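The block underneath contains the structure these notes are about, expressed in structure tokens.
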Amino acid sequence: MIDLTVLLKILLVFILSLAFGLERQRSHKPVGFGTFIFVALGACVVGIVTTKYNVSDSISLLAATITGIGFLGAGALIKNTDKVFGFTTASAIWLFAIFGLVFGIGEYYIGMIAYSLVWVVILFDSYLERKGIGSYKKKIVISSNKMSQRTVTDYIIKYTKSHKLLYVGANKKDHFLTLTYIVEGSRENVNRLIHDIFKEEWLTSCEIE
Numbered sequence: 001m002i003d004l005t006v007l008l009k010i011l012l013v014f015i016l017s018l019a020f021g022l023e024r025q026r027s028h029k030p031v032g033f034g035t036f037i038f039v040a041l042g043a044c045v046v047g048i049v050t051t052k053y054n055v056s057d058s059i060s061l062l063a064a065t066i067t068g069i070g071f072l073g074a075g076a077l078i079k080n081t082d083k084v085f086g087f088t089t090a091s092a093i094w095l096f097a098i099f100g101l102v103f104g105i106g107e108y109y110i111g112m113i114a115y116s117l118v119w120v121v122i123l124f125d126s127y128l129e130r131k132g133i134g135s136y137k138k139k140i141v142i143s144s145n146k147m148s149q150r151t152v153t154d155y156i157i158k159y160t161k162s163h164k165l166l167y168v169g170a171n172k173k174d175h176f177l178t179l180t181y182i183v184e185g186s187r188e189n190v191n192r193l194i195h196d197i198f199k200e201e202w203l204t205s206c207e208i209e
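Just so we're aligned: 4 in our numbering is position 4 of the sequence shown, and the numbers increase by one with no gaps anywhere.
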């Protein structure tokens with residue numbers, strides 16, 4: 001016989017984690033909707049099993065689940081030569097494991113409070129970004145067979161607060177140059193940088209992460 005309560009828990013976790021994951025995907029974050037859904041659903045199932053079937057030492061099982069997801073979240077961190085970023089994404093993965101567990105054990109009220117606060121933080125962060133308050137990092141990969149490194153650097157200095165050259169790739173035969181930068185600045189200025197570079201005839205490709 002189908003347990004409607006179990007189906008409700010799984011369906012709610014799926015819908016709520018899908019909504020958050022799609023927002024992360026739309027914002028071009030390194031972790032998209034699939035990861036958040038899988039983490040939340042998996043944790044929810046663990047919570048359901050521990051409560052429905054009276055698993056012995058259920059606290060240890062729940063704690064182990066959260067610890068394991070912590071290692072997954074650590075994999076979302078991005079490191080360059082001297083900085084590590086991606087902590088928001090990593091902590092969100094960990095939080096959604098807790099969110100799934102809370103729903104799995106039937107604590108809907110606590111789960112919805114936590115989920116609502118997550119959206120408050122995300123929306124407020126987006127507001128600050130639109131207002132240009134604070135700095136944001138982007139990885140930009142630029143390729144061309146006509147440009148010079150100095151040309152690109154001039155653009156980046158003009159529009160960003162700071163930058164770091166991560167990689168230079170040169171193909172002498174085809175005179176092809178690939179430059180990878182981490183840039184930091186306001187959202188408006190970073191968007192202007194990308195817009196102006198895209199207008200250049202020498203540009204072959206430009207990737208933004």
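All C-beta atoms in this analysis are idealised placements derived from N, C-alpha and C, irrespective of residue type, glycine included. In this text the structure is predicted, and so the values were computed from the model without any measurement.
Residue closest to residue i, alpha-carbon to alpha-carbon, out of the options
i: G106; options: Y115, T51 and L179; result: T51
i: R130; options: I48, V190, L41 and L4; result: V190
i: V183; options: Y155, G100 and L41; result: Y155
i: L8; options: L203, F38, G104 and T89; result: G104
Residue i, DSSP secondary structure in three states
i: L203; result: coil
i: I140; result: strand
i: T5; result: helix
i: I37; result: helix
i: Y53; result: coil
i: S27; result: coil
i: K146; result: coil
i: I105; result: coil
i: G32; result: coil
i: T89; result: helix
i: T151; result: helix
i: S186; result: coil
Bridge partner(s) assigned by DSSP for residue i
i: I48; result: None, per the DSSP bridge assignment.
i: I208; result: I140
Supposed contact pair residue j and residue i - C-beta distance, whole angstroms, cut 8 Å
i: E23; j: I122; result: 7 Å
i: F36; j: F20; result: 6 Å
i: A97; j: A43; result: 4 Å
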